[in-house]
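Mapping of the sequence shown onto numbering that gives the first Met the number 0: position 192 corresponds to residue 191, and the numbering continues sequentially without gaps.
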Amino acid sequence: MIHKTAIISASCQIHDDVIIGPYCIVDENVSIGEGTELISNVHISGNTKIGKNNKFFPFSSIGMIPQDKKFTGEDSQLIIGNDNVIREHVTINPGTRKGGMKTLIKNKCLFMVGSHIAHDCQISSNVILVNNATLGGHVNIEEGAIIGGNSGVHQFVNIGKFAMIGGMSGVGENIIPYALYTGVRSNLRGLNLIGLKRKKISSIQINMIKKIFKKIFNSNFTIFENIKNLKKEERNIDQIKEIINFITSNYKRGICKYIDD
């Protein structure tokens, strides 16, 4: 169903059961999958592909050109998966030539009011951006991470799965999986225990992860020395393995500093 006030390009591809409300604009080269709804005053532009059962709230702006002076009009993409909720005034930009030409959002994400996803970001499933959280270009967020309200994430930062960033944090370095970060320039404060419990990890496992986490971030040695000194059975715990793989990956940004209060 398409409202009579909506402006829809004749060359876009829209599934028959998509709902497009009053004053929406859908430009050419856009495709929208079944079950998706644009409530009202939504503008979708560019080479944007949207999957199934997504919901866009009023005044969201999707697929407009990147806020990057180096962008020269290349035909980059924005790809959005299934079952995502994009609230009011959310802005999402497509990719650029220097970032692989693609911004990717997977499934079941919630982007709250005023959040921003810049060019070339890669967002895994079940990610939450709370009100006014902003991501710079080339940010990678793994599954289940939560970015608190009014937080800013520097370009090229990587955020591990099920990490939790507290509200009003400034994130300039990589954030390991399952961690809790807070601060004006955010610091590692410990593990995201609530996130671990939501993932149905047992209290015995959580206590073991906490113990090994303390070993990895023992300030008497470097992180890499601490990892080297872990026992084999400690390295083989799934969550610890993910943290180690994250730390040892060749990312452009360093790892956030741990502060033990």
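Built from N, CA and C at the ideal position, the CB exists for glycine as well.
Nothing here was measured: the structure is a model prediction, and the numbers come from that model.
(request) For Asn46, count neighbouring C-beta atoms within 10 Å of its own C-beta (all shown protein chains included) and say buried if the count is 16 or more, exposed if not. (result) Here the question's residue 46 lines up with position 47 in the sequence shown. With 16 or more other Cβ atoms within 10 Å, it is buried.
(message) Distance check for Asn206 and Ile200, CA to CA, integer angstroms please.
(response) Your numbering for residue 200 matches position 201 in the sequence shown. Your numbering for residue 206 matches position 207 in the sequence shown. Whole-angstrom Cα-Cα distance: 10 Å.
(request) Indicate whether His137 and Val112 have their beta-carbon atoms separated by less than 8 Å. (result) The sequence position of residue 137 within the sequence shown is 138, counting from 1. The sequence position of residue 112 within the sequence shown is 113, counting from 1. No, the Cβ-Cβ distance between His137 and Val112 is not below 8 Å.
(request) Would you give the residue range spanned by the beta strand (DSSP E) that Ile78 belongs to? (result) Taking the first residue of the sequence shown as 1, we reach residue 78 at position 79. Unbroken beta strand (DSSP E) run through Ile78: Gln76 to Ile79.
(request) Quick one: measure Cβ to Cβ for Glu33 and Lys54, integer angstroms, because I've assumed they're closer than 8 Å. (result) Residue numbering aside, residue 33 sits at position 34 when the sequence shown is read from its first letter. Residue numbering aside, residue 54 sits at position 55 when the sequence shown is read from its first letter. Not quite, the Cβ-Cβ distance comes to about 13 Å (not below 8 Å), so this is no contact.
(request) Assign Gly253 to buried or exposed, taking buried as 16 or more other Cβ atoms, counted over all protein chains shown, within 10 Å of its Cβ. (result) The residue you call residue 253 lines up with position 254 of the sequence shown. That one is exposed.
(request) Work out the CA separation of Gly72 and Ile226 for me, nearest whole Å. (result) Along the sequence shown, one-based indexing puts residue 226 at 227. Along the sequence shown, one-based indexing puts residue 72 at 73. Rounded to the nearest angstrom, the two C-alpha atoms are 45 Å apart.
(request) Kindly confirm or deny that the region 73-88 and the region 101-112 touch, where touching means at least three C-beta pairs closer than 8 Å. (result) yes
(request) Let me know the beta strand (DSSP E) ranges lying completely inside the region 100-182, each 3 residues or longer, listed in chain order. (result) 101-104 and 178-181
(request) Could you give the DSSP three-state label for Gly263: helix, strand or coil? (result) Look at the range of the chain in this structure, 0 to 260, and you will see that residue 263 is not part of it.
(request) Give the straight-line distance between the Cα atoms of Lys68 and Glu232, rounded to the nearest whole angstrom. (result) Working through the sequence shown from its first residue, we reach residue 68 at position 69. Working through the sequence shown from its first residue, we reach residue 232 at position 233. Cα to Cα, the separation comes out at about 49 Å.
(message) Tell me the rounded alpha-carbon separation between Val29 and Arg234.
(response) Within the sequence shown, residue 29 is the residue found at index 30, counting from 1. Within the sequence shown, residue 234 is the residue found at index 235, counting from 1. Spanning the two alpha carbons is a distance of roughly 46 Å.
(request) Tell me where the beta strand (DSSP E) around Thr247 begins and ends. (result) The residue given as residue 247 occupies position 248 in the sequence shown. DSSP places Thr247 outside any beta strand (DSSP E); the residue lies instead in the alpha helix (DSSP H), whose first and last residues are Asp237 to Thr247.
(request) Assign Gln66 to buried or exposed, taking buried as 16 or more other Cβ atoms, counted over all protein chains shown, within 10 Å of its Cβ. (result) If you number the sequence shown from 1, residue 66 lands on position 67. Its Cβ having fewer than 16 others within 10 Å, Gln66 is exposed.
(request) Just mark Thr102 as buried or exposed, buried being the case when its beta carbon has 16 or more other beta carbons within 10 Å. (result) By one-based count along the sequence shown, residue 102 stands at place 103. Counting Cβ neighbours within 10 Å, Thr102 comes out buried, since at least 16 surround it.
(message) I'd like the list of long-range same chain contacts for Leu190, defined as Cβ closer than 7 Å, with 5 residues on each side in sequence excluded.
(response) Counting from one through the sequence shown, the residue named residue 190 turns up at place 191. Once the five neighbours on either side are set aside, the close Cβ partners of Leu190 are Tyr177, Ala178, Leu179, Ile208, Lys209 and Phe212.
(request) Go through the region 17-53 residue by residue and report every complete run of the beta strand (DSSP E) that reaches 3 residues or more, in order. (result) Whole beta strand (DSSP E) segments, 3+ residues: 46-49.
(message) Is it buried or exposed, Asp119, if we count other Cβ atoms within 10 angstroms and call 16 or more buried?
(response) Indexing the sequence shown from 1 puts residue 119 at position 120. Asp119 comes out buried.
(message) I need the boundaries of the alpha helix (DSSP H) containing Lys199, first residue and last residue.
(response) Here residue 199 is taken as the residue at index 200 of the sequence shown, counted from 1. Note, Lys199: premise wrong, no alpha helix (DSSP H); not H, not E.
(request) Could you pull out every residue in the same chain whose Cβ sits closer than 6 Å to the Cβ of Asn106, ignoring the five residues on either side in sequence? (result) Here the question's residue 106 lines up with position 107 in the sequence shown. Excluding residues within five positions, the ones whose Cβ falls inside 6 Å are Gly80, Asn81, Asp82 and Ser124.
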